[in-house]
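Asks:
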Amino acid sequence: MGMKLVWVCVGGAIGSGARFLVTTWSLSRYGSAFPYGTLAVNVIGSFLLGLLFQLSRSATWLGPTLQVALGAGFLGGFTTYSTFNLEVVQYVQNGQPRLAALYGTATLVGCLCAGFVGMHLGRLPGSR
Numbered sequence: 200m201g202m203k204l205v206w207v208c209v210g211g212a213i214g215s216g217a218r219f220l221v222t223t224w225s226l227s228r229y230g231s232a233f234p235y236g237t238l239a240v241n242v243i244g245s246f247l248l249g250l251l252f253q254l255s256r257s258a259t260w261l262g263p264t265l266q267v268a269l270g271a272g273f274l275g276g277f278t279t280y281s282t283f284n285l286e287v288v289q290y291v292q293n294g295q296p297r298l299a300a301l302y303g304t305a306t307l308v309g310c311l312c313a314g315f316v317g318m319h320l321g322r323l324p325g326s327r
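Take any residue in the sequence shown, count from 1 to its spot, add 199: that is its number in our numbering.
Next up, the structure:
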C-alpha cells in the first residue's frame, strides 16, 4: 500500500497542475462568463477514466500500481466535481437558473458520452 499511496500522490499533483493549466488557458481564451475550463477537464477526465477502466481489464502493460496512479491519482486531481457543484450553485444563487441548467446538462451529457467513447476506444484492437 505504501508505494501505491506515493504514486497516487504524485499522480494527483500532476493532475492538479494539469487542471490548473487547462482552466487558466480557458479563462484567458474564453473569459469567465461560463466555466469552460471546468467543463473541459470533467469531460476529458471522464473520457480518460473510461479508457483507463477498459484498458485495465485487458492490457497487460497496465499494472495495478499504474492503474491507481492514473485513476485515483492523476484523474482524481484533474477532474473537478466539487468545483462544478459550486459553479452550478452560484449560477442559481445569482439568479441564472438557465445557465445553471445548461452547464449542468452539458457536463452530465458530455461526461457520460466521453466515458462511453473512452471505454469503446479501449476495446478496439491494438489498444491493448
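Glycine included, each C-beta is placed from N, C-alpha and C at the ideal position.
Whether or not the segment 270-278 and the segment 238-256 are in contact is what I'm after, with contact meaning three or more pairs of Cβ atoms, one per stretch, closer than 8 angstroms; do they touch?
Replies: The answer is yes - the segment 270-278 touches the segment 238-256, with three or more Cβ pairs under 8 angstroms.
Asks: Label P234 either buried or exposed according to how many other C-beta atoms from any shown protein chain fall within 10 Å of its C-beta, with 16 as the threshold for buried.
Replies: For this step, residue 234 is matched to residue 35 along the sequence shown. By the 10 Å Cβ count, P234 comes out buried.
Asks: In whole angstroms, give me the CA-to-CA distance for V209 and W224.
Replies: Here residue 209 corresponds to residue number 10 of the sequence shown, with the count starting at 1. Here residue 224 corresponds to residue number 25 of the sequence shown, with the count starting at 1. When rounded, the distance between both Cα atoms is 23 angstroms.
Asks: Contact defined as beta carbons within less than 8 angstroms: I believe T222 pairs with F283. What is the distance between those atoms, to the nearest angstrom?
Replies: If you number the sequence shown from 1, residue 222 lands on position 23. If you number the sequence shown from 1, residue 283 lands on position 84. Not confirmed; about 12 angstroms, so no contact.
Asks: Taking L250 as the reference, which of Y229, P324, G317 has the closest Cα?
Replies: Taking the sequence shown and counting its residues from 1, one reaches residue 250 at position 51. That would be G317, whose Cα lies nearest to the Cα of L250.
Asks: Could you give the residue range of the alpha helix (DSSP H) that holds S150?
Replies: This structure leaves residue 150 out entirely; the chain is present only between 200 and 327.
Asks: Look at the alpha carbon of G309 and the alpha carbon of Q253, and state the distance between them as a whole number of angstroms.
Replies: Here the question's residue 309 lines up with position 110 in the sequence shown. Here the question's residue 253 lines up with position 54 in the sequence shown. Near 19 angstroms, if we compare the C-alpha coordinates of Q253 and G309.
Asks: Would you kindly work out how many angstroms separate the C-alpha atoms of A305 and P296, rounded to a whole number?
Replies: Your numbering for residue 305 matches position 106 in the sequence shown. Your numbering for residue 296 matches position 97 in the sequence shown. Inter-residue distance for A305 and P296 is about 14 angstroms (C-alpha atoms, whole angstroms).
Asks: Cutting at 6 angstroms between CB atoms, please list the residues of its own chain near S245, excluding the five before and the five after it.
Replies: In the sequence shown, the residue the question calls residue 245 occupies position 46. Contacts found: C310, A313, G314.
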